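Please read the structure below before turning to the comments.
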Amino acid sequence: ATPLSQELFGEVTSPLYPKPYPNNLETTTMITVPTGYRVKLVFWQFDLEPSEGCFYDYVKISADKKTLGRFCGQLGSPLGNPPGKREFVSEGNKMLLTFHTDFSNEENGTVMFYKGFLAYYQAVDLDECASQRNTVEENPQPLCQHLCHNYVGGYFCSCRPGYELQKDGYSCQVECSRELYTEPSGYVSSLEYPQPYPPDLRCNYSIRVERGHTIHLKFLEPFEIDDHQQVHCPYDQLQIYANGRNIGEFCGKQRPTDLDTSSNSVDLLFFTDESGDSRGWKLHYTTSIIKCPQPKTLDEFTIIQNLQSQYQFRDYFITTCKQGYQLVEGDQVLLSFTAVCQDDGTWHRAMPRCKIKDCGQPRSLRNGGFNYTTTKGVTTYQARIQYYCNEPYYKMKTRDGSSEAEQGTYTCTAQGIWKNEQEGEKIPRCLPVCGKPVHPVVEKQR
Amino acid sequence: IIGGKAAKEGNFPWQALSNKYGRGGGALLGDRWILTAAHTLYPKEQDSHTNSSIDVFLGGIIVEEIEKLGNHPVRRVSIHPSYRKDEAHNFEGDIALLELEHSVTLGPNLLPICLPENETTFYEKGHMGYVSGFGITENKLTDHLRYVRLPVAERTACERWLQGQNSNNVFSENMFCAGDPKAKHDSCQGDSGGVFAVRGADGRWVATGIVSWGIGCGQGYGFYTKLLNYVDWIKKEMEEE
């Protein structure tokens, strides 16, 4: 074959055209257009010796290893097979045009002259994707694994959402390792659900909602993950993690029960092997705000200020004590107490207790002492003592109009301090009594 | 004490025994102060040793026994500013206070005496008072507390008696005299600093004078620092103790 230079269009003629072509000739011209194009050929002039079955002179067109036709004669002749206005189109980018002549051109002893042919060819775009659209039986190996896009002179492939085109430009693989869901509710499903999921998946679906909220999962029907009767999820499996803690591994056809994850962070890991025909899974997730348990006092002396009917994340409560009591946490005395509802639904501090204030041992009085006027030895809130001086040698210093009983009475106050109504924290003083000898001089003799 | 009697336990629970330049007396005020005569600490006509310590004993009538009870250390000595050590014949301002290092615990044998609050009749002629001390008794130093009951003497009588003795000693308004030349009852050396105690109408014993000076013992009158005139000074020193 004589190749023509690769052009997007051109002419092919018989030798010597438009003069009569020579006898005893056999030439083949190969028309080639760029890859991605096909060849379209049309005869503009056609004048060959007519014969039955184009036995003597003819033009044969072939492409794609197939003969598209054998032509001779001219328009209107009773013999032959002229191409007329027919368009010949190759499937590939090549077309062969074979021109054959025999030893003579006579008709009833008269030499005849035939001009030959003039054909025009042009490159027309090949829709490579057309075959993709045909049935599977015809194209067992489509050009693209998912989607085919034709353009003038070529085509390219793309993938359905959730897949990524691989370097071969043909195949699509799932990229589902970083799927993130942040809406307060939504649906998550395996790829192609409810159609069978792809093989070799390593999917990670992350649900992240605001702190203080918990995620609920509700699986829908159908639920179908490759399973084995004896071995737990050997092929494909769906793992669920709440706050990094594994809360289940699922496969089979039994839909998991509704899950309350008690977490604002859930990860669904879905692994599949290279085979299988299960339809996958789908779930509906919802969120609700986390509530802390209602605070309860541990004793009757603790007061929760402004008690609410319910507490949720970031809510807090303050506790105080009834008068004469103080907050204690273990052995530690607290000046104040606030507990905050945490994002996991727990209080950040345990409820304290209220312990009665203890004024401790009363200060000892120099040259005197004290007696309990309430229960002996009890020094807690509202306990009372009475200071006294060692009479007759000492006497309590009193204010004008005040008695020793008044001035010596001290009460354990709500502040945990022994206090006298008049003197406050200051304890009484015992002053020496002067000029009162126990055994004064007595003169009997007169 | 001349012409007196041995005291019994608890008769004079304010009585102190001091010792610096010899035996002296004193009286407990409150539970931390000893009232005494200035000349027991800074005697006249005698070199004073400022570094020498003073011993104070309290709470008994037997010298040996109260010494066994232990000395009461003195924190501070306060001499009345009018006292003149170098004027041998002038016992003006013969009063001093000793502040003890530690308060004492009062009891039947250790009690303070009161101070006079006003003139009343304490300094009138014939008002009887008691003077106690561990001083000389009939030329002999006693080991047992003794006391004598003395009347306050008439001022003019004492002045006349002093003139009769050819004495040039000062008998000021800050002093009073007590005793009876005929009775041979008197305080004597070693009693100085002790108090002239009288029993008030309310039964309280009040110190009206401090044993100060005299000419001989038991031969006439004894002269005492008139405490009423120094009460303000005492209270100021004691800061209302």
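Going down the list, the sequences are from chains E and U. Here the first sequence is numbered in the working numbering, starting from 1 and rising by one per residue. Here the second sequence is numbered in the working numbering, starting from 447 and rising by one per residue. From the three backbone atoms N, C-alpha and C, an ideal C-beta is built for every residue, glycine too. Every value quoted in this text rests on a predicted model; they were computed, and no experiment measured them.
Assigned exposure category for residue i - 16 Cβ within 10 Å defines buried
i	result
residue 396 of chain E	buried
residue 151 of chain E	exposed
residue 632 of chain U	buried
residue 133 of chain E	exposed
residue 215 of chain E	buried
residue 422 of chain E	exposed
residue 543 of chain U	buried
residue 1 of chain E	exposed
residue 145 of chain E	buried
residue 281 of chain E	buried
residue 75 of chain E	exposed
residue 114 of chain E	buried
residue 57 of chain E	buried
residue 298 of chain E	exposed
residue 599 of chain U	buried
Helix, strand or coil at residue i according to DSSP, with G and I counted as helix
i	result
residue 407 of chain E	helix
residue 456 of chain U	coil
residue 292 of chain E	strand
residue 498 of chain U	coil
residue 54 of chain E	helix
residue 538 of chain U	coil
residue 95 of chain E	strand
residue 418 of chain E	strand
residue 675 of chain U	helix
residue 143 of chain E	coil
residue 609 of chain U	helix
residue 132 of chain E	helix
residue 35 of chain E	coil
residue 624 of chain U	strand
residue 680 of chain U	helix
residue 482 of chain U	strand
residue 602 of chain U	helix
Distance, residue j Cα to residue i Cα
i	j	result
residue 263 of chain E	residue 147 of chain E	40 Å
residue 624 of chain U	residue 575 of chain U	9 Å
residue 351 of chain E	residue 310 of chain E	16 Å
residue 687 of chain U	residue 377 of chain E	Confidence at residue 687 of chain U is low in this model, with a pLDDT of 48, below 50, so its placement is unreliable and no value can be given for it.
residue 449 of chain E	residue 293 of chain E	This structure leaves residue 449 of chain E out entirely; chain E is present only between 1 and 446.
residue 330 of chain E	residue 354 of chain E	11 Å
residue 86 of chain E	residue 192 of chain E	47 Å
residue 17 of chain E	residue 3 of chain E	19 Å
residue 8 of chain E	residue 122 of chain E	6 Å
residue 95 of chain E	residue 39 of chain E	7 Å
residue 32 of chain E	residue 126 of chain E	13 Å
residue 480 of chain U	residue 613 of chain U	31 Å
residue 449 of chain U	residue 666 of chain U	12 Å
residue 561 of chain U	residue 432 of chain E	13 Å
residue 185 of chain E	residue 208 of chain E	10 Å
residue 308 of chain E	residue 260 of chain E	25 Å
residue 37 of chain E	residue 166 of chain E	25 Å
residue 510 of chain U	residue 587 of chain U	13 Å
residue 478 of chain U	residue 503 of chain U	13 Å
residue 473 of chain U	residue 515 of chain U	17 Å
residue 611 of chain U	residue 537 of chain U	17 Å
residue 617 of chain U	residue 606 of chain U	11 Å
residue 339 of chain E	residue 359 of chain E	28 Å
Nearest to residue i (by Cα), restricted to the options the options
i	options	result
residue 10 of chain E	E/29, E/25 and E/22	E/29
residue 656 of chain U	U/649, U/621 and U/650	U/621
residue 213 of chain E	E/344, E/116 and E/121	E/344
residue 677 of chain U	U/501, U/508, U/612 and U/526	U/526
residue 489 of chain U	U/628, U/674, U/504 and U/636	U/636
residue 290 of chain E	E/211, E/190 and E/67	E/211
residue 198 of chain E	E/434, E/183 and E/174	E/174
residue 189 of chain E	E/268, E/99, E/341 and E/320	E/268
residue 644 of chain U	E/90, E/44, E/91 and E/440	E/440
Of the residues that make up the region 417-444 of chain E, which ones have a beta carbon closer than 9 Å to any beta carbon in chain U? When CB distances to chain U are screened at a threshold of 9 Å, the residues of the region 417-444 of chain E falling below it are 431, 432, 433, 434, 435, 436, 437, 438, 439, 440, 441, 442 and 443, in chain order.
Any C-beta of chain E within less than 7 Å: which residues of the region 649-661 of chain U qualify? Cβ contacts with chain E: 650, 651 and 652.
- Item | Near-chain U residues of the region 380-407 of chain E - C-beta to any C-beta below 7 Å | Those residues of the region 380-407 of chain E placed with their C-beta closer than 7 Å to a C-beta in chain U are 393 and 394, ordered along the chain.
Name, going along the chain, the residues of the region 456-473 of chain U whose beta-carbon falls closer than 9 Å to a beta-carbon of chain E. Near chain E, meaning a CB-to-CB distance below 9 Å, the residues of the region 456-473 of chain U are 456, 457, 458, 459 and 460.
request  = Select from the region 306-322 of chain E all residues with a C-beta closer than 7 Å to any C-beta belonging to chain U, and list them in chain order.
outcome  = Those residues of the region 306-322 of chain E that come within reach of chain U (Cβ to Cβ, closer than 7 Å) do not exist; the list is empty.
Report task. With 9 Å as the limit, tell me which residues of the region 556-572 of chain U have their beta carbon closer than that to any beta carbon of chain E; keep them in chain order. Result -> Those would be 556, 557, 558, 559, 560 and 561, in chain order.
Notebook entry, point to check: If you measure beta-carbon to beta-carbon, which residues of the region 591-625 of chain U are closer than 7 Å to chain E?
Noted result: The residues in question are 593.
Residues of the region 349-375 of chain E whose Cβ lies closer than 9 Å to any Cβ of chain U, in chain order | Against chain U - using a Cβ distance shorter than 9 Å - the residues of the region 349-375 of chain E are 366 and 367.
query = What residues from the region 472-494 of chain U come within 7 Å of chain E, judged by C-beta to C-beta, listed N to C?
reply = From the region 472-494 of chain U, only 476 and 477 have a Cβ closer than 7 Å to chain E.
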